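Numbering (this note's numbering), first residue to last: 5 to 146.
Down below is the structure, laid out as structure tokens.
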């Protein structure tokens, strides 16, 4: 199964933020949307990821003045991305190996989706449960 399968279930709408937005604006966006990270766009391309971790590091380094900095100055960059045809297990492996929780989905340089480790784990659990149910049905009908 591929990332495209997950996007077809959750949709391709992605909340983004511009690299020149302030950290305060980004914090407000994360809170309003109840999300942990957002892709950062610069000139229409994914330049990085801004996450809760970036907020913590910024505030630890700069104090309250860090809220006035631009997202592009404190984001995690470059963004690690995947394509729609990437296997779910491959994406999970990448996230585990790189210790990240979010992946922008990019095709032809354009952002087409955004997946979290929670999206991928939920999909895997649903598949395992469906396989187990099919096996139970098979055994009961035999």
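Backbone N, C-alpha and C fix where the C-beta goes; we use that ideal spot for every residue, glycine too.
Predicted, not measured: the structure shown is a model, and the values here were computed from it.
Look at the alpha carbon of residue 53 and the alpha carbon of residue 122, and state the distance between them as a whole number of angstroms.
17 Å
How would you write the range of the beta strand (DSSP E) that residue 111 sits in, first residue to last?
106 to 111
Rounded to whole angstroms, what's the CA-CA distance from residue 128 to residue 135? Just pull it up for me.
11 Å
Go ahead and pull the three-state DSSP assignment for residue 95.
Helix, per DSSP.
Once you ignore the five residues that flank residue 28 on each side, which residues in its own chain have a CB closer than 8 Å to its CB?
71, 72
Could you please give the first and the last residue of the uninterrupted alpha helix (DSSP H) stretch that includes residue 52?
Not the alpha helix (DSSP H): residue 52 falls in the beta strand (DSSP E), residues 49 to 55.
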